[in-house]
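> In terms of this note's numbering, the sequence shown opens at residue 7 and continues consecutively.
There's a structure below that I have some questions on.
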Amino acid sequence: MSNEVPTQHPCHAYRSLMERHRNVGRLAAIAEIISRDFLTAMPEGAYMNRLDQISYLHKRIHNDIVCGDAQRELEEAQDHVEAHGGLWDNWDRANLQGMVDIFRSHSIQTPETMEESARIANEGRRLHREVLKKGDWSAGVPHLKRVVDFTRKMAEKKAKWRGSATLYEALVQDYSPGLDLKTIWKWFNQLDRELLQMLPLVMERQSQRSKIVEMTGSFDPKAQMWLNRALIEMLGFDFDRGSLHETSHSPVEGGTPDDTRLVIKTADSSNFLDSLKSALHEGGHGLYTQGLPAKGEWAYQPVAQDLGTMMHESQALFVEMILGRTPEFFKFLAPRLEGLFHTIRDPSLTAENLFRIKTKVAPTLNRRKADEVTYFFHIFLRFQIECDLIEGKIEVEDIPAYWTEWMHNKLGIMPQNHAEGVLQDVHWFVGKFGYFQSYTLGHMVAAQIFEKMRTDIPQIFEKIERGDFRQVQYWLHKNIYSKGSLMPADALLKDVTGYKPSPDFLISHLENRYLSD
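This is the structure in structure tokens:
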């Protein structure tokens, strides 16, 4: 299909806007790719040059969105919709609304602000790697104070524009558009209450089972990467349009539908499950990216973009936590491991043992290694810290004490050093305040999607056990990926599942997996 803007639409201003967004999208794609290269192949000596390149591109993108005739064209296109509504289909209407939203979000910022935001993010990613390695919180404090000050100033502008109830709500809506803080607090308080009641029941139930056989073998990192690649390819990831890389930074996905870059943490030879988890998670992101309708006339258009981080994380967590922790997944995986890792009858690699390792529930300090039941509490902690930090109730220096006290009171565990606590995540170092709730919202949506999928694909578990994921991918592509941003996330979920987002589906999923016979 051609990537040219169609000439048949009767509104000249709209055609001009589509061309503008196509060019902006090309620049954004370049910025995405060199940002992924920043994490993988870039030589250290190129750091300052690359930082300057990325910052400039973000400044240029901002200028192209708000400069010239953009506002006049938007007004003309909106007038055209009003006067000739019958000539506009749902996709064009949604695309125009996306253009309006993008323009408004950029028009409240200056080019220098956008440049500084990009610079902070990439400086922070590099700094985080160093302070995490050393466990040196104090070395990160000056940067974090700079980020928080910058973020508060941006939040003030966004809150005024959006009419948000608080500064933090304005940031949350960057990542979870359409959701207000009151609703998220209501959902989180429900999850907090019900999962705290569920946790001891699950742990007591698991304590009565035979002991898990811990893995003691050595797992060749190259073989791990082969396994990771093979599995996400079976799930539908197209390696003709994407790639898989390792990094000493934090894992991340990015790129475009035709050049999707998955970056996972460097494999640990003592535990292949960590690398596999990372690959499944980032692979879920990549499948969503590749499935977006960014072809032909919709290439680089707002309507062809994803629905925000709640939906993106739902796709990652669906693959990693929902599908990738079923007993059937490990029944498929286990027989293939002995040849891959050159072992014979290793009791730790049986399907039952692997499933029990991946579904063992116990409080842990590390978010990425948390089980499904306690994962929420890691997100709730960070969500509460962010809320208090952005609203000025605490300062950066207060975070470690807040963190330690909260973990002790909620889960009965305490970090022994900063690497186990406040330094483990990169998000704050790169300025992603308002992102963390997306993980729990995504987990909720993943459970909701799976409930509907089980009805629509009655033999789904048998198919997973055979390694046949074709119907799963067809369902996701038809119902989620191909819709792009045609409608808001809550409306899409209502259309697909019959319900708007709700924590009830996640609670039901966890009860079925961890408390049912």
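Where a beta carbon is used, it is the ideal one built from N, C-alpha and C, also for glycine.
Predicted, not measured: the structure shown is a model, and the values here were computed from it.
Three-state secondary structure (DSSP) at K581?
Outside the shown range of the chain (7 to 523) lies residue 581, about which nothing can therefore be said.
> Which runs of the alpha helix (DSSP H), 4 residues or longer, sit entirely within the segment 288–333?
315–323
> Let me make sure I understand the geometry here. Which of L45, P16, N69, G51 has the alpha-carbon closest to that of V30?
Position 24 of the sequence shown, counted from the first residue, corresponds to residue 30. The shortest C-alpha separation from V30 is found at N69.
> Can you look up S249 in the DSSP assignment and give me helix, strand or coil?
Working through the sequence shown from its first residue, we reach residue 249 at position 243. Three-state result, S249: strand.
> Take S41 as the anchor and find which of I60, Y441, Y174, V147 has the nearest alpha-carbon.
Along the sequence shown, read from residue 1 onward, the residue named residue 41 stands at position 35. Considering only alpha carbons, the answer is I60.
> In the DSSP assignment, the alpha helix (DSSP H) including G448 goes from what residue to what residue?
Stepping through the sequence shown from its first residue, residue 448 is reached at position 442. Note, G448: alpha helix (DSSP H), 443–462.
> Taking S249 as the reference, give the member of L207, Q454, T46, Q14 with the closest Cα.
Numbered from 1 along the sequence shown, position 243 holds the residue referred to as residue 249. Cα-wise, what sits closest to S249 is T46.
> State the start and end residues of the unbroken alpha helix (DSSP H) segment that holds Q115.
Translated into positions along the sequence shown, residue 115 becomes position 109. Unbroken run through Q115: none, as it is neither H nor E.
> Going by DSSP in three states, G92 sits in which element: helix, strand or coil?
Here the question's residue 92 lines up with position 86 in the sequence shown. If DSSP states are grouped into helix, strand and coil, G92 belongs with the helices.
> What residue does the alpha helix (DSSP H) around V428 start on, and which one ends it?
Reading the sequence shown from its first residue, position 422 is the one you call residue 428. Element bounds for V428: n/a, residue is neither H nor E.
> Where does G31 sit, in a helix, a strand or coil, going by DSSP?
For the purposes of this step, residue 31 is taken as the residue at position 25 of the sequence shown. Correct three-state label for G31: helix.
> Look up G223 in the DSSP assignment and give the residues it is bridged to.
Counted from its first residue, the sequence shown places residue 223 at position 217. According to DSSP, which records beta bridges pairwise, G223 is partnered with nothing at all.
> Using the DSSP secondary-structure output, state which residues sit across from D265 in a beta bridge.
By one-based count along the sequence shown, residue 265 stands at place 259. D265 is bridged to T262.
> Kindly indicate which three-state DSSP category C393 falls into: helix, strand or coil?
In the sequence shown, residue 393 corresponds to position 387, counting from 1. Helix, per DSSP.
> Around the C-beta of W232, are 16 or more other C-beta atoms found within 10 angstroms, so that it is buried, or is it exposed?
For the purposes of this step, residue 232 is identified with residue 226 of the sequence shown, where counting begins at 1. Exposed, since its Cβ has fewer than 16 Cβ neighbours within 10 Å.
> Beta-carbon within less than 7 Å of H483's beta-carbon, same chain only, minus the 5 sequence neighbours each way: which residues are those?
The residue you call residue 483 lines up with position 477 of the sequence shown. These residues qualify, in order along the chain: G297.
> Of the choices S275, N359, Q443, whose alpha-carbon is the least far from that of Q230?
What you label residue 230 is simply residue 224 of the sequence shown in a count that begins at 1. The candidate whose alpha carbon is nearest that of Q230 is S275.
> Counting only runs that start and end within the segment 60–84, where is the alpha helix (DSSP H) found for 4 or more residues in a row?
none
> Could you check which residue in S213, H424, T380, R110 has the C-alpha nearest to that of L202?
Here residue 202 is taken as the residue at index 196 of the sequence shown, counted from 1. Nearest Cα to L202 within the set S213, H424, T380, R110: T380.
> Are there three or more Cβ pairs, one per stretch, closer than 8 Å when the segment 339–357 is compared with the segment 366–375?
no
> Smallest Cα separation from R267: which of H291, N277, L279?
As a working note, residue 267 is residue 261 in the sequence shown. Among H291, N277, L279, the Cα nearest to that of R267 belongs to H291.
> Taking the alpha-carbon positions, what's the L329 to Q77 distance?
Counting from one through the sequence shown, the residue named residue 329 turns up at place 323. Counting from one through the sequence shown, the residue named residue 77 turns up at place 71. L329 and Q77: Cα-Cα distance of roughly 45 Å.
> Within 10 angstroms of its Cβ, does S8 collect 16 or more other Cβ (buried), or is it exposed?
For the purposes of this step, residue 8 is taken as the residue at position 2 of the sequence shown. Only weak support is given to the placement of S8: the predicted model assigns it a pLDDT of 42, under 50, and the value that follows is read from those uncertain coordinates. Its Cβ having fewer than 16 others within 10 Å, S8 is exposed.
> T461: buried (16+ other C-beta within 10 angstroms of its C-beta) or exposed?
Taking the first residue of the sequence shown as position 1, residue 461 is located at position 455. Counting Cβ neighbours within 10 Å, T461 comes out exposed, since fewer than 16 surround it.
> Could you say which of N485, L207, G223, M413 lies nearest to Q390 if we only look at CA atoms?
Reading the sequence shown from its first residue, position 384 is the one you call residue 390. Nearest of N485, L207, G223, M413 to Q390, Cα basis: M413.
> Within a Cβ cutoff of 6 Å, which residues of the same chain sit near R235, ignoring the five residues on either side of it in sequence?
Numbered from 1 along the sequence shown, position 229 holds the residue referred to as residue 235. The answer, listed in chain order, is L250.
> What did DSSP end up calling S8 once you bin it into helix, strand or coil?
Reading the sequence shown from its first residue, position 2 is the one you call residue 8. Residue confidence is low: S8 scores 42 on pLDDT, short of 50, so the model does not pin down where it sits. No coordinate-derived value is stated.
> Helix, strand or coil for E468, going by three-state DSSP, please let me know.
The residue you call residue 468 lines up with position 462 of the sequence shown. Three-state DSSP puts E468 in a helix.
> Rounded to whole angstroms, what is the Cα-Cα separation between F361 and I470?
Residue numbering aside, residue 361 sits at position 355 when the sequence shown is read from its first letter. Residue numbering aside, residue 470 sits at position 464 when the sequence shown is read from its first letter. Their Cα atoms are separated by approximately 14 Å.
> DSSP three-state call for H15: helix, strand or coil?
Along the sequence shown, read from residue 1 onward, the residue named residue 15 stands at position 9. Note: H15 maps to coil in three-state DSSP.
> Taking the alpha helix (DSSP H) that K416 belongs to, which residues open and close that run?
For the purposes of this step, residue 416 is taken as the residue at position 410 of the sequence shown. Element bounds for K416: 405–417.
> Is DSSP giving Q477 helix, strand or coil here?
Walking along the sequence shown from the start, residue 477 turns up at place 471. DSSP places Q477 in helix when its eight states are reduced to three.
> Following the continuous alpha helix (DSSP H) through S514, name the residue where it begins and the one where it ends.
Translated into positions along the sequence shown, residue 514 becomes position 508. Here the alpha helix (DSSP H) through S514 covers 510–520.
> Smallest Cα separation from K140: which of V428, F194, A305?
As a first step, residue 140 is located in the sequence shown; it is residue number 134 there, counting from the start. Among V428, F194, A305, the Cα nearest to that of K140 is on V428.
> Out of Y306, N415, E239, which has the shortest C-alpha to C-alpha gap to G104?
For the purposes of this step, residue 104 is taken as the residue at position 98 of the sequence shown. Ranking Y306, N415, E239 by Cα distance to G104 puts Y306 first.
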